[in-house]
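Structure first, then comments.
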Amino acid sequence: MRRPHPQAVLAAALLALGLGLPAATAHAAGAEAVDHSALRVCADPNDLPFSNDKGEGFENRIAELVAAELGVPVRYTWYPDAPGLVRNTLNARLCDLIIGTISGSEMVQNTNPYYRSTFALVYRTDAGLSLSSLDDPALQTLSIGVVAGTPPATLMARRGLLGHMHSYALVADTRYQHPAQDLVHDVAAGKIDVGVVWGPIAGYFGRRENPPLAVVPLAAQSGPIRLDYRITMGVRHNEPEWKHQIDRIILKKQKEIDRILLDYGVPLLDEQGKPIGP
């Protein structure tokens, strides 16, 4: 679920799609290799809120929605959301679909986007804070958790906040580590004052703390470094019919997909960059 020029580093950062073959060579032209007896999905077995091997993630639920529309069961190929995911699963033809990938990734052929989200601020509701942007003067006095190498880290450094930043690892083995989730927990525990986290992670884990954290989606902004991203599904290159079939399902089921995402606390933006509410 996730990346190269500065914005695709996020893709690398967010969902770590991995080091697949270049687009031009990822799949030789010829018959499409899709198995139509099941929806074969490549997914991480331990990466909530996106997916896990118990079917508890929102990508699991969306996969079930797509499979029901196709009239087939879901069959998973499990692989950590890390470098090598595309090469070792999708391009190896062990599966036919990745449910979450950053729009514009060259590792896969992108479907049409099915959601747009943004980074979010998270902080304790009893901290006396009312933050809404990275330009808030209060940040100059706070300790701020951020995942290294992500767009907010760059934007905060440019705002003179480097001395206030506490960095969490960008790449981790999800079998053992979840740095962004740890960041949210550290905010709840009072180890840091505020965090800046990819929205789906902030929304899901922030509201599961006791008491729940304030989760404030950051507004979309123009410029070379952005905070909001469109997420698509990913299929192999040179499989246009399969892509179009998935596109049709996304269009038909978009409202149901939105409800699933909102159930998980994912901050959603519309085409104008405005929040989509429940």
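The C-terminal residue of the sequence shown carries number 1241 in the working numbering, and the numbering is unbroken.
For glycine and all other residues, C-beta sits at the position ideal for the given N, C-alpha and C.
Boundaries of the beta strand (DSSP E) harbouring Tyr-1192: 1191 to 1198, taken from the DSSP string.
Counting only the Cα atoms, Arg-1122 lies some 43 angstroms from Cys-1058.
Counting of Cβ neighbours within 10 angstroms places Asp-1226 among the exposed residues, the total staying below 16. Glu-1234 counts as exposed, since fewer than 16 other beta carbons sit within 10 angstroms of its beta carbon. Under the 8 angstroms Cβ criterion, the segment 1160 to 1177 counts as touching the segment 1139 to 1151, having at least three qualifying pairs. With contacts defined as CB atoms closer than 8 angstroms, Leu-1011 and Leu-1060 fail to qualify as a contacting pair. If only uninterrupted beta strand (DSSP E) runs of at least 3 residues are considered, those enclosed by the segment 1107 to 1179 are 1107 to 1110, 1128 to 1131, 1157 to 1161. For Arg-1079, DSSP records a beta bridge to Arg-1193.
DSSP, read as helix, strand or coil, puts Thr-1104 in helix. The alpha-carbon separation between Leu-1033 and Pro-1203 amounts to approximately 17 angstroms. Residue state for Asp-1044 is assigned as coil, using DSSP reduced to three classes. Contact annotation: the segment 1187 to 1207 touches the segment 1063 to 1081, with at least three C-beta pairs closer than 8 angstroms. Cβ contact annotation for Ile-1212 (same chain, cutoff 6 angstroms, sequence separation greater than five): Val-1029, Glu-1032, in chain order.
The beta carbon of Ile-1239 sits closer than 6 angstroms to the beta carbons of Leu-1231, Asp-1233 from its chain, once the five residues preceding and following it are set aside; these are given in chain order. As computed with DSSP, Thr-1064 is found in a beta bridge with Thr-1195.
Under DSSP, Ile-1239 forms a beta bridge with Leu-1231.
Under DSSP, Asn-1009 takes part in a beta bridge, and its partners are Asn-1015. For the pair of segments examined, the segment 1122 to 1142 was found not to touch the segment 1177 to 1186: the number of CB pairs separated by less than 8 angstroms stays below three. The Cβ atoms of Ile-1209 and Thr-1074 lie closer than 8 angstroms to each other. Each of Glu-995, Ala-1101, Thr-1081, Ile-1025 was checked against the Cα of Arg-1056, and the nearest Cα belongs to Glu-995. Check the Cα spacing between Ala-1152 and each of Asp-1099, Tyr-1086, Gly-1047: the tightest is with Tyr-1086. Within the same chain, Asp-1007, Asn-1009, Asp-1010, Pro-1043, Asp-1044, Ala-1045 come within 8 angstroms of Thr-1137 by CB-CB distance, once the 5 residues on both sides are set aside. When DSSP states are grouped into helix, strand and coil, Asn-1073 belongs to the strand group. Beta-bridge analysis with DSSP links Arg-1024 to no other residue.
Around the Cβ of Thr-1052, a 10 Å sphere holds 16 or more other Cβ atoms; the residue is buried. Between Lys-1218 and the set Tyr-1077, Val-1071, Leu-1181, Ile-1107, the nearest pair of CA atoms involves Tyr-1077. The alpha-carbon of Gln-1103 is positioned some 46 angstroms away from that of Asn-1054. Here the alpha carbons of Lys-1154 and His-1148 stand approximately 9 angstroms from one another.
DSSP, reduced to helix, strand and coil, places Arg-1087 outside both helices and strands of the structure shown, so it counts as coil.
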